[in-house]
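Report on the structure given below.
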Amino acid sequence: MTTETLLQLKNVSVQYGGVHALTDVDIKLDEGEVVALMGPNGAGKSTILKAIFGLAPIHSGDFLWHEQKVVPVPHEIVVQGIAFVPQGRRVFTDLTVEENLEVGGYTNANAKMTKQRIVELYDMFPMLKGKRRAKSGTLSGGQQQMLAIARGLMTDPKVLLLDEPSLGLAPKVVKEVFQFVKEINEKRKTAIMVVEHNIKSLLDIATRGYVLDKGRVVVSGSPHDLIAKGTLEKVFTGAAL
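Here my numbering is used: the first residue of the sequence shown is 21, the next is one more, and so on.
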């Protein structure tokens, strides 16, 4: 059975003013994969997600969705089937858990579909069901991260982009978050691209990984290959890759 490539960046460069955030980057995400984006601070990992979602303008190169060239615009990308959960959780703290989920379903065809998605997500995230009437600002950091991920799933995306989902969370909570990410991939068949500093937790669930340095992809491969090449030690120590 042939695996379809869902999205691809081909020779993509992104500039912020005179700063080259990405230079000639080639990456892809196939259906059913969990792809890890790793590297030191400022390597360009988050910029890749923003370029895919239309939040960082592509200076040169192409973004392909189902092998068709697309100029990514956020609201259009959501309709196409890509969801983005940015770093820092960013839930609407004055809204309840359920209201946050309803906001996440704004592109759904009707209210009935939104309610059905909420029911499905409560089955996957029972903690959220128990807090459904609570203001999101009263949730713990881990609970807010679960809510942010669940809100991203409200449109039933084919692709989920996660930017630093473990940021600021205790180790026990980090483990729970990555368990949910694994379940989303396996049970919902959602392809996931993750930017993450917690490399071990990420490689435990990843299919493939890309390591970036100074806006370029310097090595890619399976988790086993990346570990065997000593890439992890270099990332941790900030050594040249």
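Glycine included, each C-beta is placed from N, C-alpha and C at the ideal position. These numbers were taken from a predicted model, which means no experiment stands behind them.
Note the first and the last residue of the continuous alpha helix (DSSP H) segment covering residue i.
i      : result
Phe200 : Pro191 to Arg208
Leu27  : Looking at the DSSP string, Leu27 is not in any alpha helix (DSSP H); the run it does join, the beta strand (DSSP E), is Thr25 to Tyr36.
Ala154 : Unbroken run through Ala154: none, as it is neither H nor E.
Is residue j closer than 8 Å to residue i when the C-beta atoms are compared?
i      : j      : result
Pro92  : Ile68  : no
Leu187 : Met213 : no
Thr116 : Arg152 : yes
Ala170 : Leu121 : yes
Gly101 : Lys149 : no
Pro185 : Gln165 : yes
Lys65  : Leu232 : yes
Trp85  : Leu27  : yes
Ile225 : Val201 : yes
Val237 : Ile78  : no
For residue i, which residues in the same chain have their Cβ closer than 7 Å to its Cβ, ignoring the five residues on either side in sequence?
i      : result
Thr127 : Val98, Val99 and Thr175
Leu167 : Val111, Val117, Asn120, Leu148, Ser156 and Leu159
Enumerate in chain order the residues of its own chain whose CB-to-CB distance from residue i is below 6 Å, with the five nearest sequence positions on each side excluded.
i      : result
Glu53  : Ala211 and Thr227
Gly74  : Pro92, Val93, Pro94 and Ile97
Leu246 : Gly229
If you drop the 5 nearest sequence neighbours on each side, which residues of the same chain put their C-beta closer than 8 Å to that of residue i?
i     : result
Gly81 : Leu29, Lys30, Asn31, Val32, Ser33, Asp44 and Val45
What are the boundary residues of the beta strand (DSSP E) that residue i is part of?
i      : result
Leu182 : Val179 to Asp183
Thr227 : Element bounds for Thr227: n/a, residue is neither H nor E.
On a Cα-Cα basis, can you pick out the residue from the options that is closest to residue i?
i      : options                         : result
Ala7   : Leu49, Ala41 and Leu167         : Within the shown structure, residues of the chain are numbered from 21 to 261, placing residue 7 beyond reach of any answer.
Ser240 : Lys132, Leu57, Ile225 and Tyr36 : Leu57
Tyr230 : Lys192, Val215 and Lys220       : Val215
Asn61  : Lys195, Asp183 and Lys89        : Asp183
Gly235 : Thr25, Thr22, Tyr36 and Thr23   : Tyr36
Kindly indicate if chain B contains any beta-carbon less than 8 Å away from that of residue i.
i      : result
Val105 : No chain B is present in this structure, which holds just one protein chain.
Can you give, in chain order, each stretch of the beta strand (DSSP E) that sits fully within the stretch 75–141 and has at least 3 residues? With a minimum length of 3 residues, the continuous beta strand (DSSP E) runs that stay inside the stretch 75–141 are 80–85 and 102–105.
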